[in-house]
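Q:
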Amino acid sequence: MKKDKGDRKPAPGDATPANAKVQQLAAHTTDGADEFLTTNTGVRVNDDQNSLKAGDRGPTLLEDFIFREKMTHFDHERIPERIVHARGAGAHGIFKAYPNAAALSRAAFLQDPSAETPVFVRFSTVAGSRGSTDLPRDARGFAVKFYTSEGTYDLVGNNIPVFFIQDAMKFPDLVHAVKPEPHNEIPQATAAHDTFWDFISVMPESLHMIMWAMSDRAIPRSLRMMEGFGVHTFRLIDAAGTARFVKFHWKPLLGLHQVVWEEAQVISGADPDFHRRDLWEAIEEGHFPEWELGVQVVEEADEHAFDFDLLDPTKIIPEELVPVQRIGKMTLNRNPDNFFAETEQAAFHPGHVVPGIDFSNDPLLQGRLFSYTDTQLLRLGGPNFQEIPINRPVTPVHNNQRDGHMRQTIDRGRTAYGPNTLARGCPMQARAAQGGFVHHAERIDAHKVRARSPSFHDHYSQATLFFNSQTPVEQQHMIDALKFELGKVETIAIRERMLVHLSHISESLAKPVAEGLGLAIPAKSDVHLNMSIPADTDPAEVQPRAPKPGKRSVKTSPALSMTSLPGSGIRTRRVAVVVADGTAAADVERIVSALEAEGAMPKLVAPSLGTLKLEGGGERPIDFSFLTTSSALFDAVFLPGGKRAMEKLVTMDPVFEFVRMAYRHLKPIGASGEGVELLSAAIAGLRPGGKPASTGAPGIITAGGALGDDDMRKFVGAIEMHRFWDRV
Ligand code: HDE
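Residue numbers (my numbering): 1 to 728.
1) Can you tell me the Cβ-Cβ gap for L519 and R497, rounded? I've got them flagged as a contact below 8 Å.
2) Name the residue from Q111, A514, G404, V473 whose alpha carbon lies nearest to the alpha carbon of L482.
3) Out of curiosity, what's the CA-to-CA distance linking R450 and I444?
4) Once DSSP output is grouped into helix, strand and coil, what is the label at S129?
5) How would you call P454, buried or exposed, if buried means at least 16 neighbouring beta carbons within 10 angstroms?
6) Have a look at the DSSP bridge pairing and note the partners of T117.
7) Return the first residue and the last residue of the beta strand (DSSP E) that W280 is part of.
8) Is it buried or exposed, K730, if we count other Cβ atoms within 10 angstroms and call 16 or more buried?
9) Is there contact between the segment 309-320 and the segment 455-462, where contact requires at least three CB pairs shorter than 8 Å?
10) Could you please give the first and the last residue of the uninterrupted alpha helix (DSSP H) stretch that includes Q475?
11) By Cβ distance, which residues of its chain are closer than 7 Å to D48, with the 5 residues on each side in sequence left out?
12) Going by CA-CA distance only, name the one from M169, K251, A127 that's closest to Q188.
13) Tell me which same chain residues have a C-beta within less than 7 Å of the C-beta of Q166, skipping the five on either side of it?
14) For the beta strand (DSSP E) containing E290, name the first residue and the last one.
15) How big is the Cα-Cα spacing for F199 and H501?
16) Let me confirm a value: S561 is counted as buried when at least 16 other C-beta atoms fall within 10 Å, else exposed. Which label applies?
17) Measuring only from the beta carbon, is R402 closer than 6 Å to any heavy atom that is part of the ligand HDE?
18) If you draw a straight line from the alpha carbon of S469 to that of S525, how long is it in whole angstroms?
19) Just the C-alpha distance for L155 and F196, rounded to the nearest angstrom, thanks.
20) Please confirm whether any heavy atom of the ligand HDE lies closer than 6 Å to the CB of H85.
21) Report yes if the C-beta of L364 is less than 6 Å from at least one heavy atom of the ligand HDE; otherwise report no.
22) Are S503 and F467 closer than 7 Å when you measure CB to CB?
23) Beta strand (DSSP E) containing L612: first to last residue?
24) Please give the ranges of any alpha helix (DSSP H) in the segment 679-728, keeping only runs that are unbroken, at least 4 residues long and fully inside the region.
25) Just to confirm my understanding: we take G6, look at its own chain, exclude 5 residues before and 5 after, and list those with CB closer than 6 Å. What are they?
26) Flag this pair as yes or no: are the beta carbons of F624 and G670 separated by less than 7 Å?
27) Going by beta carbon distance, what residues of the same chain come within less than 6 Å of K643, once the five residues before and after it are set aside?
28) Where does A97 land, buried or exposed, given buried means 16+ other C-beta within 10 angstroms?
29) Within this structure, are the beta carbons of R276 and D138 separated by less than 7 Å?
30) Between R140 and the ligand HDE, is the CB less than 6 Å from at least one heavy atom?
31) Given 6 Å as the limit, tell me if N158 has its C-beta closer than that to any heavy atom belonging to the ligand HDE.
32) Between which two residues does the beta strand (DSSP E) carrying T651 extend?
33) Should Y372 be counted as a contact of the ligand HDE given a C-beta to heavy atom distance under 6 Å?
34) Give me the Cα-Cα distance between N100 and A584, rounded to the nearest whole angstrom.
35) Could you tell me if K551 is buried or exposed, where buried requires 16 or more neighbouring beta carbons within 10 angstroms of its beta carbon?
36) Below 8 Å on the Cβ atoms is my contact criterion, and I expect T695 with S672 to pass it. Report the Cβ-Cβ distance as a whole number of Å.
Structure (structure tokens):
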């Protein structure tokens with residue numbers, strides 16, 4: 001009889017041939033420590049490849065506690081994804097205050113400019129599921145957890161400074177409208193469908209945010225190249241106890257950059273992890289992204305000085321009225337070790353504040369203060385989610401809360417109540433002077449009502465302000481975005497209602513969108529425009545009001561254009577160098593070394609992977625083939641010289657498409673020697689925006705012969721410009 005395999009196993013953890021081989025391979029591919037595999041009870045596992053069977057062809061035995069433990073854990077590996085902001089990417093870093101911060105708030109982490117406060121940041125899209133693409137048209141979450149010496153402070157913001165709704169009561173409706181439609185779970189990660197625009201078309205308070213969402217802010221080039229905003233008005237409390245209203249901003253030091261819409265769509269196929277990968281790679285390569293924390297400060301006495309209500313989250317304070325003071329800098333310098341343990345389990349909450357930071361009565365913020373704990377109870381499985389390492393404060397935690405699912409802390413002693421004498425009164429309340437949190441003592445004298453302040457009724461002025469403050473190119477992108485989004489809406493009445501709203505914002509916005517939709521703009525009176533009113537309210541009472549005279553306002557705000565924050569230099573920009581065997585060694589050396597010296601990331605793209613043999617000697621590893629990448633994944637393209645290479649590349653369709661796409665996406669393109677011929681051949685016949693393509697177009701840098709220093713400087717300058725909007 002054949003001997004049962006169970007009888008012939010080596011001793012647990014022995015340096016068996018199988019173990020030795022795996023360790024040898026792993027040495028090249030992982031950084032796993034040399035540790036034995038164990039069960040969760042710490043028992044070393046001898047065979048992780050086979051379940052326990054009655055004979056090697058027999059049934060599996062229930063006795064196999066190793067298999068059962070492994071499979072049970074696996075079966076429970078998924079937790080509910082976030083209802084919104086499900087797709088995210090995180091990073092660790094530090095925050096350092098500037099000297100001017102201390103005067104504004106007594107928060108400990110804002111006092112000492114030499115102190116480093118650890119932070120964890122999670123960026124996210126809003127509507128899509130966890131596995132959706134990084135580049136839908138959407139707002140981006142920008143949530144920062146500061147692990148301060150006085151407890152955890154979370155600034156849970158977005159990359160858009162206003163929100164769709166004014167009252168938290170409407171949030172479930174908004175989210176139900178934007179998420180995939182419930183009968184068929186279509187479409188994923190996009191607002192371009194009937195239920196979303198149906199809701200928006202009768203909720204004019206959303207229109208200002210719609211303007212931002214239709215702008216290029218909603219298709220960022222990188223998470224590292226977008227602004228962040230706290231959205232609501234908060235309060236800062238200084239050492240003397242004086243409260244001031246404040247709006248928070250994050251200003252990216254790499255500048256503000258976007259992709260173009262076609263590119264966003266290509267990227268979603270070519271690399272749906274584009275933003276996540278970009279953040280990860282930048283940090284791995286030591287290009288640490290940085291943002292300055294900015295604040296707009298308004299004295300309480302000026303609460304009513306503006307032509308909008310500071311408590312209305314659908315309004316910005318134009319930077320021209322209240323400049324942004326920069327009070328600190330955040331640097332993201334470490335990738336998470338484990339996505340699930342850190343990024344997925346991170347639990348942010350706008351109610352996590354520390355002494356020196358307080359709330360305003362913004363009704364959206366007030367509602368958020370309830371929702372975020374509630375959501376973690378379900379998502380993270382119970383009330384002890386603050387004990388998960390990523391959520392744990394760096395300060396000690398002492399209180400009388402006990403037990404619950406997954407309790408980690410082993411509380412000692414008899415007392416779990418206060419006041420007590422048996423534990424000498426511990427844990428004790430802290431006086432304000434000892435760091436105890438004291439709420440800002442705002443005077444409230446009011447009727448208990450379900451109502452919205454009339455000061456929240458103007459839904460159009462700031463939508464108009466936003467549109468009017470964009471450059472013509474940015475306005476055109478908004479028009480195109482609306483044509484696309486509303487073009488996906490099937491119900492004509494919804495499109496028509498939106499056209500009426502757009503005509504309230506600006507005729508120069510509404511007209512081209514109407515043309516694109518093949519519709520006339522209906523007469524304003526024909527359309528029911530605002531259904532977001534209580535049952536007993538007369539619609540006349542909630543008509544948009546004209547801004548009040550004598551209040552502070554602006555007609556345009558240049559700070560709203562993305563061009564207001566270009567950043568400088570070309571650090572971390574990805575440049576595709578198109579090569580084949582026979583590409584000129586001198587050109588490649590020059591382009592790669594010049595770009596690397598500027599902190600950019602040149603990558604060689606060739607017909608196939610492997611090693612590139614250069615004309616003039618030398619070899620280089622190839623980074624991508626035309627099959628494994630796309631020019632949509634790069635910021636610029638360079639075509640070096642080399643006769644033999646050109647003869648091959650000029651016969652290849654994927655090469656042409658690579659170059660043509662970069663041209664259409666208005667990217668800098670450089671070419672030298674025979675590369676110029678390849679460029680001419682590739683772009684021949686293109687007419688983006690009706691203009692025939694040419695090697696003399698803006699952002700195209702060519703050098704007839706070998707590449708000189710001057711050519712390189714021009715190419716670097718072009719990459720710094722990022723896009724050449726005047727090419728079309
Ligand atoms: Fe959120 N939001 N939100 N939100 N939000 C969540 O909390 C909610 C709002 C924002 O990376 C949820 O842990 C309500 C504004 C970010 O983990 C949930 C309202 C802003 C993130 C929730 C708002 C945000 C969330 C889902 C209206 C910008 C991701 C999972 C009253 C200032 C944080 C979770 C992360 C996540 C509720 C409106 C930003 C359900 C009820 C306005 C960046 O609790």
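All residues carry an ideal CB built from backbone N, CA and C; glycine is no exception.
A: In short:
1) Separation of the CB atoms of L519 and R497 is rounded to 11 Å, and the pair is thereby denied contact status at 8 Å.
2) When only C-alpha atoms are compared, the closest one is A514.
3) Here the alpha carbon of R450 sits roughly 16 Å from the alpha carbon of I444.
4) DSSP places S129 in coil when its eight states are reduced to three.
5) By the 10 Å Cβ count, P454 comes out exposed.
6) Note: T117 sits in a beta bridge opposite F95.
7) Per DSSP, W280 is not a residue of any beta strand (DSSP E); the alpha helix (DSSP H) it occupies stretches across 274-284.
8) The requested residue 730 does not occur in the structure, where the chain is confined to residues 1 to 728.
9) Yes, they touch.
10) Counting along the chain, the alpha helix (DSSP H) containing Q475 begins and ends at 472-487.
11) Once the five neighbours on either side are set aside, the close Cβ partners of D48 are L37.
12) Of the candidates M169, K251, A127, the one whose C-alpha sits nearest the C-alpha of Q188 is A127.
13) Same-chain partners within the cutoff: E205, D312, P313, T314, P363, L364, R452, F456.
14) Taken as a continuous stretch (DSSP letters only), the beta strand (DSSP E) holding E290 covers 290-299.
15) Those two C-alpha atoms are separated by around 13 Å.
16) Buried, by the Cβ-count rule.
17) R402: no, Cβ never under 6 Å from the ligand HDE.
18) For S469 and S525, the distance between alpha carbons rounds to 28 Å.
19) Roughly 27 Å separates the two Cα atoms.
20) Correct: H85 has its Cβ closer than 6 Å to the ligand HDE.
21) Short note on L364: C-beta closer than 6 Å to some heavy atom of the ligand HDE.
22) Their beta carbons are not under 7 Å apart, which means S503 does not touch F467 by this criterion.
23) First-last of the beta strand (DSSP E) with L612: 611-613.
24) For the segment 679-728, whole alpha helix (DSSP H) runs of length 4 or above, ordered along the chain, are 709-721.
25) Here G6 scores only 41 on pLDDT, less than 50, and its place in the model should not be relied on; the value that follows carries that caveat. Non-local beta-carbon contacts of G6 in its own chain, meaning distances under 6 Å to residues more than five positions away in sequence, are absent.
26) Cβ distance not < 7 Å, so F624 and G670 don't count as in contact.
27) Closer than 6 Å at the Cβ level, and outside the excluded window around K643, lie E674.
28) It counts as buried.
29) Taking 7 Å as the cut-off, the Cβ atoms of R276 and D138 do not count as close.
30) Relative to the non-hydrogen atoms of the ligand HDE, the Cβ of R140 never comes closer than 6 Å to any of them.
31) Checking the Cβ of N158 against the ligand HDE gives yes.
32) Note, T651: premise wrong, no beta strand (DSSP E); not H, not E.
33) The answer is yes for Y372.
34) Distance between the alpha carbons of N100 and A584: 54 Å.
35) K551 comes out exposed.
36) Not confirmed; about 12 Å, so no contact.
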